[in-house]
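Novice: First residue of the sequence shown? That's 0 in numbering that gives the first Met the number 0, and the numbers climb one at a time after it. Okay, handing you the structure first.
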Amino acid sequence: MCECAQSVEQGVIVEVGRWKGASMALMAEASPSSHVHSIDNNDKHNDLAQNLSEGLSNYTIIDGDSQEVAKTWTQEIDMLFVDAFHYKDFVLMDLESWVPKVKVGGLILMHDYFTKRKSRLGRHWKDGVRLGLRKFNSRYKNLEKIEVVRHMILLRKIRLIAQN
Ligand SMILES: C[S@@+](CC[C@H](N)C(=O)[O-])C[C@H]1O[C@@H](n2cnc3c(N)ncnc32)[C@H](O)[C@@H]1O
């Protein structure tokens, strides 16, 4: 995630799913010339997120539902980090909401992409990211896989299509 953010210069990074703000702070630190916009529909840990980001000014905490925020989003995105609700349909909705805002050539990083069948996590949670992404790919075919590293999959948006 840090290497991915590091590769973005003077860019717009959007995170869907902030929780306690660790990934937000790490990405903001890794790409000081970029701005990280971090969305979560739960503001419970915002103080902690601000503490973790002490000394950084290149981030914005956005409280709201991912799909609602996407409706009014106008900036072109250089890097999208998807790490919210991991059930297939929600993953698909996040991708359908946000990938259209990513520029062609932009990066999409997704957390909790599990490739092994056995896991202590529930099946829907474990398989959700993979299945949601598969469904998205079969509909739009505009993402190219770059690599899978430690439960993360990195993709690149390769073309514009009708709605994407
Ligand atoms: C796995 S945590 C994020 C962890 C964080 N990216 C990190 O690595 O530090 C998932 C977060 O997604 C948020 N979330 C789930 N569904 C959401 C939605 N529809 N809109 C916005 N945030 C959502 C949850 O509130 C939770 O804080």
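We put the CB at the ideal spot given by N, CA and C, even for glycine.
How many angstroms separate the CA atom of glycine 16 from the CA atom of phenylalanine 84?
Specialist: Taking the first residue of the sequence shown as position 1, residue 16 is located at position 17. Taking the first residue of the sequence shown as position 1, residue 84 is located at position 85. Each residue's alpha carbon lies about 8 Å from the other.
Novice: For ligand 1, which residues count as neighbours when the test is a C-beta closer than 5 Å to any heavy atom?
Specialist: Qualifying residues, in the order they occur: Gly16, Trp18, Ala21, Ser22, Asp39, Asn40, Asn41, Asp64, Ser65, Asp82, Ala83 and Phe84.
Novice: Tell me the start and end of each unbroken alpha helix (DSSP H) in the region 76-135 that is at least 4 residues and wholly inside, in chain order.
Specialist: Segments of the alpha helix (DSSP H) lying fully in the region 76-135: 87-97.
Novice: Can methionine 78 and serine 52 be called in contact, C-beta distance under 8 Å?
Specialist: Translated into positions along the sequence shown, residue 78 becomes position 79. Translated into positions along the sequence shown, residue 52 becomes position 53. In this structure, serine 52 does not lie closer than 8 Å to methionine 78 by Cβ.
Novice: Just verifying my parser: in three-state terms, what is the DSSP assignment at arginine 138?
Specialist: Within the sequence shown, the letter at position 139 stands for residue 138. Three-state DSSP puts arginine 138 in a helix.
Novice: Alpha carbons only, please: which of Trp18, Thr59 and Ala29 is nearest the one belonging to histidine 44?
Specialist: As a working note, residue 44 is residue 45 in the sequence shown. Nearest of Trp18, Thr59 and Ala29 to histidine 44, Cα basis: Trp18.
Novice: So, lysine 140 versus isoleucine 107, is the Cβ gap smaller than 8 Å?
Specialist: Reading the sequence shown from its first residue, position 141 is the one you call residue 140. Reading the sequence shown from its first residue, position 108 is the one you call residue 107. Contact: no.
Novice: Which of helix, strand or coil does DSSP assign to lysine 156?
Specialist: Counting from one through the sequence shown, the residue named residue 156 turns up at place 157. Correct three-state label for lysine 156: strand.
Novice: Which value, in whole angstroms, describes the spacing of the CA atoms of glutamine 49 and serine 137?
Specialist: Translated into the one-based positions of the sequence shown, residue 49 becomes position 50. Translated into the one-based positions of the sequence shown, residue 137 becomes position 138. Going from the Cα of glutamine 49 to the Cα of serine 137 covers about 39 Å.
Novice: Measure the C-alpha to C-alpha separation of glutamate 14 and glutamate 8 and round it to an integer number of angstroms.
Specialist: Translated into the one-based positions of the sequence shown, residue 14 becomes position 15. Translated into the one-based positions of the sequence shown, residue 8 becomes position 9. Near 16 Å, if we compare the C-alpha coordinates of glutamate 8 and glutamate 14.
Novice: What does the alpha-carbon distance come out to for the pair aspartate 111 and serine 6?
Specialist: Taking the sequence shown and counting its residues from 1, one reaches residue 111 at position 112. Taking the sequence shown and counting its residues from 1, one reaches residue 6 at position 7. If I take the Cα positions, the gap works out to 21 Å.
Novice: Go ahead and label serine 56 buried or exposed: buried means 16 or more other beta carbons lie within 10 angstroms of its beta carbon, across all protein chains shown.
Specialist: By one-based count along the sequence shown, residue 56 stands at place 57. With fewer than 16 Cβ atoms within 10 Å of its Cβ, serine 56 is classed as exposed.
Novice: Expressed to the nearest angstrom, what Euclidean distance is found between the alpha-carbon atoms of serine 33 and glutamate 95?
Specialist: The residue given as residue 33 occupies position 34 in the sequence shown. The residue given as residue 95 occupies position 96 in the sequence shown. Taking the straight line from one Cα to the other gives about 24 Å.
Novice: Tell me whether glutamate 53 sits in a helix, a strand or coil according to DSSP, three-state version.
Specialist: Here residue 53 corresponds to residue number 54 of the sequence shown, with the count starting at 1. DSSP places glutamate 53 in coil when its eight states are reduced to three.
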